[in-house]
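Take a look at the structure below.
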Amino acid sequence: MDVVLVHPEIPWNTGNVARTCVATQTPLHLVKPLGFSLGDKQMKRAGLDYWPHLNLHVHDSLKAYYQTDVAARPTFLFSRFARKSFWDVEMPSDAVLVFGSETKGLPDSIKRRYRGSLVRIPTPGKVRSLNLSTSVAIALFEALRKNQA
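Numbering (the working numbering), first residue to last: 2 to 150.
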């Protein structure tokens with residue numbers, strides 16, 4: 002599996018996602034533009050001393066990401082606006098989990114490209130959305146769990 006963050010804006014969210022990726026041995030892809038520098042102290046602090054163990058790929062644009070082998074694999078786009086729950090879909094072991102920026106979500110162009118792959122994390126409580134790093138952790142661990150059975 003791989004995790005992709007498209008245009009992340011908040012450094013500590015990306016740092017927490019990086020730590021989750023190290024814990025699960027999952028490659029992390031960041032698609033520019035980023036809302037911070039990769040040297041940001043808050044991001045490094047959130048990732049603790051795990052950065053040397055992160056399998057990190059930085060792509061200059063969505064166009065550059067689309068040219069990778071990863072972009073051709075089974076892809077699931079996470080959005081609070083999706084109708085389909087990610088609990089109800091099969092996620093193969095080579096799935097790619099894609100998340101948008103904290104304030105803008107996923108660009109329309111990626112939603113058009115992967116039409117039918119939009120899923121949501123069910124949140125029956127009265128919240129608008131979950132934090133990005135929380136969403137990545139929920140989705141990644143559930144996808145990994147589904148593939149261990």
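Where a beta carbon is used, it is the ideal one built from N, C-alpha and C, also for glycine.
(request) Measure the CB-CB distance between N148 and S94 and report whether it falls below 7 Å. (result) For this step, residue 148 is matched to residue 147 along the sequence shown. For this step, residue 94 is matched to residue 93 along the sequence shown. A contact, by the Cβ cut-off of 7 Å.
(request) Check whether the Cβ atoms of I122 and I111 sit closer than 7 Å, and answer yes or no. (result) Position 121 of the sequence shown, counted from the start, is the residue given in the question as residue 122. Position 110 of the sequence shown, counted from the start, is the residue given in the question as residue 111. Contact flag unset, no.
(request) Tell me, please, whether the stretch 80–89 touches the stretch 117–137 by the rule of three or more beta-carbon pairs shorter than 8 Å. (result) yes
(request) Closer than 6 Å by C-beta to D109: which residues in its own chain qualify, once you throw out the five before and the five after it? Chain order, please. (result) In the sequence shown, counting from the first residue as 1, residue 109 sits at position 108. Excluding residues within five positions, none has a Cβ falling inside 6 Å.
(request) Let me know if N132 comes out buried or exposed under the rule of 16 or more other beta-carbons within 10 Å of its beta-carbon. (result) The residue given as residue 132 occupies position 131 in the sequence shown. Flag for N132 reads exposed.
(request) Go ahead and pull the three-state DSSP assignment for R84. (result) Residue numbering aside, residue 84 sits at position 83 when the sequence shown is read from its first letter. In this structure, R84 counts as coil in the three-state DSSP scheme.
(message) Cutting at 7 Å between CB atoms, please list the residues of its own chain near S136, excluding the five before and the five after it.
(response) Your numbering for residue 136 matches position 135 in the sequence shown. For S136, where only same-chain residues beyond five positions count, the Cβ hits under 7 Å are F79, F100, I122.
(request) At 4 residues or longer, and completely inside the stretch 60–122: list those alpha helix (DSSP H) runs for me, N to C. (result) 63–67, 109–114
(request) Have a look at the DSSP bridge pairing and note the partners of H58. (result) The count along the sequence shown starts at 1 and reaches residue 58 at position 57. The partner list for H58 (beta bridge, DSSP) reads H30.
(message) Taking the beta carbon of T124 as the centre, do at least 16 other beta carbons fall within 10 Å, making it buried, or is it exposed?
(response) Translated into the one-based positions of the sequence shown, residue 124 becomes position 123. Per the 10 Å Cβ criterion, exposed.
(request) For Q43, collect the residues of the same chain with a Cβ closer than 6 Å to its Cβ; drop the 5 residues on either side in sequence, then sort them by chain order. (result) Translated into positions along the sequence shown, residue 43 becomes position 42. Cβ neighbours of Q43 beyond the five flanking positions: P12, W13.
(request) Taking only the alpha-carbon atoms, compute the straight-line gap between P34 and G126 and give it to the nearest angstrom. (result) Counting from 1 along the sequence shown, the entry for residue 34 is found at position 33. Counting from 1 along the sequence shown, the entry for residue 126 is found at position 125. Cα-Cα distance, rounded: 32 Å.
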